[in-house]
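Same order as they appear, the protein sequences are chains A and B.
Each residue of the first sequence is one higher than the last, beginning at 1473 in my numbering.
Each residue of the second sequence is one higher than the last, beginning at 221 in my numbering.
Remarks on the structure that follows.
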Amino acid sequence: MTETSDPLLLADVRRYGVFNAHGCFACGSCTIVCDLAESTASFPRRPMQSVVLGLKDSVRQSLDPWLCHDCGDCSTTCPREAEPRQSMLTLRRYLTAQYDWTGLASRICRSGAFEMAALGVVALLVLGLIILYHLTIEHLDISFVRTSMGLEHMFPRIVYFTTAVFLIPGFFIASNLLRMFILTMRRGANRAIPLGCYLAEARTLLVNTVAHIRILRCASRDRRKKWTMHWLLAFGCVLLVAIKFFFLKWFQTDKIYPLYHPQRWLGYLGAACLLLGAGEILVAWFRERQPQHWSSRRTDLTLPVLLVLTALSGMAAHVFRYTGLSLAAHYAYAVHLMIAVPMLVVEVPFGHWSHMIYRPMALFFSAVQARALREQQPTEGLAA
Amino acid sequence: MSAAGTRTTVGAALVVGGGIGGMQAALDLAEAGIKVYLAETQPSIGGVMAQLDKTFPTNDCAMCTMAPRLVDIGRHKDIDILTLSEVERIAGEAGDFTVSLKQKPRFVDESKCTGCGLCVPGCPVILKNEFDLSLSARKAIYTLFPQAVPNKAVIDRREERPCKAACMHRCPVHTNVLGYVKLIAQGKFREAYQMNRDVNPFPSVCGRVCYAPCETACNRGQLDEPVAIRDLKRFVADQVNIDELPVPVIAKTGKKVAVIGAGPAGLAAANDLALQGHQVTVFEAQAEAGGMLRYGIPEYRLPRETLHKEIGYIARLGVEIRTGVRVGKDISMDSLRRDYAATFIGVGAQAGMNMDVEGAGLPGVLDGIRFLQSVNSGGTVQVGKKIAVIGGGNTAIDCARTARRLGAEQVTMVYRRSRAEMPAAKEEIEALLQEGIKIVWLSLPTRFLSTHGRLSGMQCIRMALGEPDASGRRRPVPIPGSEFTVPVDTAILAIGQLTETGFLQGLGIAANANGTLAIDRKTGATNLQGVFAGGDVVTGAAYVIDAIAAGKKAARSIGQYLAGKPIEAPPEEPEPERLSDQEAGALKLRFVLGKRAKMPEMPVAERTADFREVALGFTPEQAMKEALRCLAGQIDGCIECLECERRCDAGAIDFTQKGREIELHVGAVVLSPGYRTYDPRGKPQLGYGRFRNVITAPEFERILSASGPFQGKVVRPSDQKTPRRIAFIQCVGSRERERDYCSAVCCMYATKEALIAKEHIGPDLQCDIFFMDLRAFGKGFEAYYERARTQGVNYIRCRPPAIEEVPETGSLIIQYLAEGDRKTSREYDLVVLSTAMLPPKGSSRLAESLGVELNEFDFCRTSVFTPAESSREGVFVAGPFAEPKDIPETVMHASAAAAKALSLLRDAKGSLIAAKVYPPEMDVSGQSPRIGVFVCHCGTNIAGVIDVAEVAEYAKTLPNVVCAEHDMYACSNDTQERIKQQIREHALNRVIVASCSPRTHESLFRNTCREAGLNGYLFEMANIRDQCSWVHMHEPEKATVKAMDLVRMAVAKARLIEPLQKRKLAVKPAALVIGAGLAGMVAATELAAQGFDVYLVEREKEPGGNLRRVRYLLNGEKPQQELAALAERVRRDSRIHLFTEAQVTSVEGSLGNFKSVIATAKGAVTVEHGTVIVATGAGQYQPTEYLYGDCAQVITQLDLEERLSQPEPAIAGTTVMIQCVGSRDTERPYCSRICCSEAIKNALKIKEKNPDASVYVLYRDIRTYGFREAYYSRARELGVVFLRYDEDRKPQVKRNGGRLEVSVYSPLMEREITIPADLVVLSAGVVPDRQGKDIAQLLKVPLNQDDFFLEAHMKLRPVDFATDGVYVCGLAHAAKSVGESILQAQAAAARASAILGKDHVELEATVSHVVEDRCDGCAYCVDPCPFKAIRLVEYQSNGTVKKRVQVDEAVCKGCGTCQATCPKNAIFVWHFRPEQLTAEIHAALNV
């Protein structure tokens, strides 16, 4: 296998965050302490050295950065203080940009400012739509002093809007996923992997998408807590997205539901999971105090902050509606949309949220590769 | 050097640090005429090298290599060693410093200590042995290592003893209580017993029945309760089987001594007299020996078996005990005095005192002593039912308790005073009462009543206490009318004892009124000559220990009497002191208080049935816990028990020593304080300190060493099992963010340790070395690394971050990345951590007190061009204090520092030194040979295989051998003294040492002979180490036989050897330096600065050599400016005669007197000089690979450097550097050392000029040793890409259009990587100079297999050649950097100046000699002579022209080739004459 070295790769990767691999002597300490690294998926040393040596194709085709769960043991062990953990984070941003065909991910991952701007633009767009809605549909008899917010009147229109908000990012992420698949699974030896391998590993995909059990294999002492929080967060997100998408009618209404109704308890459950999970990330971030990486890590905070704000604004709207403060509820609802919609449109396909697709996919692909290798080896052995 | 002429310079120097560097600097300075003070913080010089086992890459024994040097320094007349000293302050300026040092007390007077070591075994304090890195133990008094210099003991006294040792002073025999209690606390019970036995032949008796005055005196008693000293004594006595104790070998005196009475006094005297070597006979009237111990003390207090054993031991000492012999009856006193040279009377007080009252003679009124005697004799004694015992002493109590055990129903004691006045021991009274015996106090029998002629009662009277009497007790006064009657059927009187000295009547021995003998209390002498006495017979009834003391005292006096000396009283012991209240108060706060241990006893109910021992003795746990209560034992280090003082015959122990301040006037200071190693506890994941089998490399070094904690048996610490798998982890503490430097020596020492371990354990031992870059950059290192690999040492390129332990087995698990990034884990028995070199302990304090600057890692700051100079003028630096380095570089560095100091002090040379004076040589002509043979143990190096005692015994049987002995280390100072003493004592005229190699040690022993007045050539050596114990280590019997053979051969030769005299030759004070490159010019300027003429020969037009092509250095310095300045100095100096475009065409002569011809353009010039320095340099390899020469874009590093130093545009695009071009391959299997640093230097330059340029370095191992490492990190930081390739898959360079394409297989990424390149730079290696072979032939010096010049010794003589007076420096020796070349050049100058500064040199006497009348001038010998020392000459004889050969003795090396070629036996080498060799061969063949 021959590969051409690209001397500019290191500089390119460094634009995505901290990458101190120059300090690395390839001693291997990081990989040895990592409980997730395996002989078929060896990291952080190998991806780091690939970048240093300018092996752009190897880096782009690598699934390894996705297999890391960010416990940080490698960084505490590294005798050269080369911070492999940071390098893996940076590489995940780099890869997100590589999968995206629009170029937006690259901008968003490299620049926090651009990310904020993108979010802001979408938020303004949402605001504009809300204003437009109020201007054009004024003839509807809405009186905000009454308990009714007119949500039911809104329903037929908002349903298109909501569908668009869910489907547009869905489209982008799906197309990027396809690119990821082509990049990582349809190049070189991987091209020949038979479909059977994919089918055989379908369970891996399912388990990793649903259960995130890989976190539990991490060496870090608080892995159970970490797994619980991450799973709750993911569950909260999926639950809320799902009920808003499939049962919009429950929410886009002025009706007051009893407590046993799924609209109430499912919503509460989702919000609680969301707050707990995202809150935990934020608390941990502030506790960690790594000032030298604040600039790099700050962008990682965008998503949890947005999630918390989404939950809080949604809860505010809910509380105001149930307490009869219709006007306040209306404004809160507007704010909720201005947070949630940009988050979905920007973060899901181009931002940090994309990892919810890329990571299980990478785990799946990696498992497929490993299986293909296993199935290949015995025959080779016989031939030899 | 400012204004050196205007002020006086002091001709002395201080060398700080006594390691190998400090020793070298001291020797160089002293040899050149400077008085040297060598300050060392340890009690001995030697430094770290003394702790090493072997040295790389030659695997020589480190101690064997350095021991001669230690001895040289130890006895160098111009070197003063200041041990235990640290520099405090320095004042003044270069040339005239005043240095203050602080010297810690040694507590041993160095002028008195002989290093005999007798003090050490007695010391009871066991401490960690830091020399063995705490893997073994040593005593509080110790010598650092057997070959220590100065070989003087040192006491590790850390604080003052908290108590006053009152116990010891109070004990009548001055038992070392502190000592044996300390031994018990440390679990050394046998040693504790021995310590008791040394002063008291009855420890188990005294441990039971002593009245323990020590406990009364014990200072701990002032805090809470005294230590249970007596019970502890009994405990240790119970722990040993006395019957199995070995008996010492005692030299007999042949004098006979009689001892009368086998009681404690008599037996103690007999014991001591027997130990003095006298023949002792003890006469005892009773059937068994023991006296009162046997017949007086009841068995429940002192079991008979215990007593028998202790008496048995005395008998084993050779004492004859004749029992049942009553002197005066069976044998007369006169005949004793006739047959024996001296007599001791110790008959005791065997008779009971009677009472002068009515009825005292009645049957039933018994004498207590007789009563006990009859019971103890085993006779049947009838006692009644109601018994009264009269008396209050221990005997009375013994009687009472014995009577109880004999079945008496009611036993009552009657005592005339109160309980407080009772003389009996408190515990005894307590036990008595427990056993149901009543005491009637303040009563006295006045009449014994009888019924039918038998005792039936006792009339007593009550007493009151009056005024105190003479004994200090209140006198009992009868109360009139208070009589009362007690019914008793037996009364036992125990009111005192009398002596029976009737058998002495008529002899005229003075006696006291009470019948006891009158003697001199201090000596035990009676008024009769040769008759001594002691014990109860003198004092009246007293205590056992007092009797023993009296016996011992008399024995001492008898010894003096028998030796014909005046009898002196022993020195007065100090009075036992008490703690002051303040002291006691302070100690109460300091120590944990607590009650003393209580002696376990038999239950009261069981006691009275029989005579089994009541006290049961401590368990070991109880004893050790109780022993810990001793105040003296509470401190670390010496407890001042003075055992050493007792054992030191030289009287060298001196506890009054205080630390002292030393002020020295010196002209220069050389700092060589060495280094310390990183403590891996800083990396807890590696488990050091938690897992016992994780050790550091220095610890493993000690384990490998024959003198180490396991005597060279390679075992792991946890279970002393032989390891099967050992892992070495490199870079522990270095090459990290915090310490971004390489420790430079670890890769090699780990390799060495792996190889040596395999040698010890066998080829099956698996050694894995975990490393990142293998730094085998020094001379011969790469070959050593290759050798290790072929011998199966496994190198794994990974740095394991953690070690785990298998708790059950103590084995260790290491996870690492194998090839292809496969995570692998392996189990090891032992893990060795290669710990980093750190600056020496206290380096910052030292730097501060000396005013020198340190670098960012706290090493001493130096610069490339002044590598031996610190930031303070006149203060020089050497060794790892400046940068991590190995032994040869440290030695070079030290010589360089010496050279700089010599230049500074040139005007004061010789002003403060003394001339060496030998005693006049004895004339041995005409004497028949008297040979002394000394067989060396060499620790276990020889004695571990060979039976050295047998060899010595065998040597004694050989003809002419007068004495033969075996010694621990023949090369140690004390054995040297011993050899001299034996020469004098036995009038030896030949000396043979059977030890190691004459190569290293012959000159040492010759000098020893010389110091004893014997010609040095009357010495012969048998190498039984290299040739016997080493090569035949698995066949000890055969090795011993071979050693005997070698000794026999040596003896055969020694009979024929003759005294030889060395010739003296005047020295020409000039040097020839060949090559005017950097090294040559530096050497020349150094020598010129010291005042010598230099002929500097350069074949090129310009001086400067390779340095002319070096534009900048790694640290940014500009060498061209320095070079220009240096060349200018060379041209200007009137003492330097520079010949350019010139060549040396011939060199004749030898050390001190060379004559050379220099061919110049203007013709040949002949010069005379005393030394030669070879500085011919080396070249750059001309690559033939990688398109070099075919393609302009492929250049070498030097070409690149040239281009980078031009102002032309910066280098853009991609540059690929390829390392190891022409190095580390099959043709040139050595590392060129400088290329990695050069590549990094140029890569940094490229990046500095154009940060956008890309640089790739394709390497095999990056070898940026020492502080170069930081530049490697810097290069990586700037984005230089380092890509490793394998030797067997070298990179390929191809043309690709206008560019180049380099493809290389990366073993890390497991793929081929292609790099499009604009420029390919080859790091071409260093190749030896093509003219090297010619120069080597001219000077008759060797080259190594790579054609670099071969020095005399890889480690300790890195600039010398085996040929005296010829030195090497710079690249001619091996590849090295600019700074290293300068160092070696300065070192060469220092070595040369030691010769040039002398008026004359001595020539070796073992040279060829022509027997003129046998030589017929056939000239067979002329051509084979490798040194061209033989010439054919013609001469006239009786009118005809004849031929014969002549030898130039100055050139001859005594190799003997001529002798072998001569058909006429007309030429021979002195000391190896044919008849001498023939005798040796005959001896070998036993014909």
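A virtual CB, placed ideally from N, CA and C, is assigned to each residue, including glycine.
Values in this document were obtained by computation on a predicted structure and should not be read as measured data.
Cβ-based neighbour list, residue i, same chain, cut-off 8 Å, excluding 5 preceding and 5 following
i, result
"Arg536 of chain B", "Val467"
"Gly837 of chain B", "Asp451, Arg454, Phe455, Asp458, Met819 and Pro820"
With 16 other Cβ atoms within 10 Å as the buried cut-off, status of residue i
i, result
"Ile404 of chain B", "buried"
"Arg1186 of chain B", "The sequence shown places His at residue 1186 of chain B, rather than the Arg named in the question. His1186 of chain B comes out buried."
"Leu487 of chain B", "buried"
"Arg827 of chain B", "buried"
"Leu1466 of chain B", "One point to set straight first is that residue 1466 of chain B is Ile, not Leu, in the sequence displayed. Ile1466 of chain B comes out buried."
"Ser424 of chain B", "buried"
"Thr1029 of chain B", "exposed"
"Leu1650 of chain A", "exposed"
"Pro1471 of chain B", "exposed"
"Met1473 of chain A", "exposed"
Cβ-based neighbour list, residue i, same chain, cut-off 6 Å, excluding 5 preceding and 5 following
i, result
"Val751 of chain B", "Thr563"
"Lys1514 of chain B", "Glu1521"
"Pro1059 of chain B", "Asp1078 and Phe1079"
"Thr743 of chain B", "Ser777, Ile787 and Ala789"
Whole-number beta carbon distance between residue j and residue i, since they are thought to touch under 8 Å
i, j, result
"Thr363 of chain B", "Gly337 of chain B", "7 Å"
"Phe1101 of chain B", "Ala888 of chain B", "The Cβ separation is near 16 Å, so there is no contact."
"Phe276 of chain B", "Tyr1004 of chain B", "6 Å"
"Ala767 of chain B", "Gly483 of chain B", "6 Å"
Host alpha helix (DSSP H) of residue i (start-end)
i, result
"Leu592 of chain B", "Gly588 to Asn596"
"Glu1002 of chain B", "Phe1001 to Thr1010"
Extent of the continuous beta strand (DSSP E) run through residue i
i, result
"Ala951 of chain B", "For clarity, residue 951 of chain B is Cys in the given sequence; the question names Ala instead. Start and end: Arg945 to Val952."
"Met415 of chain B", "Per DSSP, Met415 of chain B belongs to no beta strand (DSSP E); it is in the alpha helix (DSSP H), Phe409 to Val419."
"Ile1687 of chain A", "That residue, Ile1687 of chain A, is in no beta strand (DSSP E); it is neither H nor E in DSSP."
"Thr1583 of chain B", "No beta strand (DSSP E) contains Thr1583 of chain B, which DSSP labels as neither H nor E."
Local conformation of residue i per DSSP, three classes
i, result
"Lys1258 of chain B", "helix"
"Asn439 of chain B", "helix"
"Glu1447 of chain B", "coil"
"Thr395 of chain B", "coil"
"Arg816 of chain B", "coil"
Neighbourhood of residue i by C-beta, 7 Å cutoff - its chain only, sequence neighbours within 5 removed
i, result
"Thr228 of chain B", "Asp316"
"Val1813 of chain A", "Val1594, Val1598 and Val1637"
Proximity test, Cβ basis, 8 Å: residue i and chain C
i, result
"Ser1477 of chain A", "The chain labelled as chain C is not found among the protein chains of the depicted structure, namely A and B."
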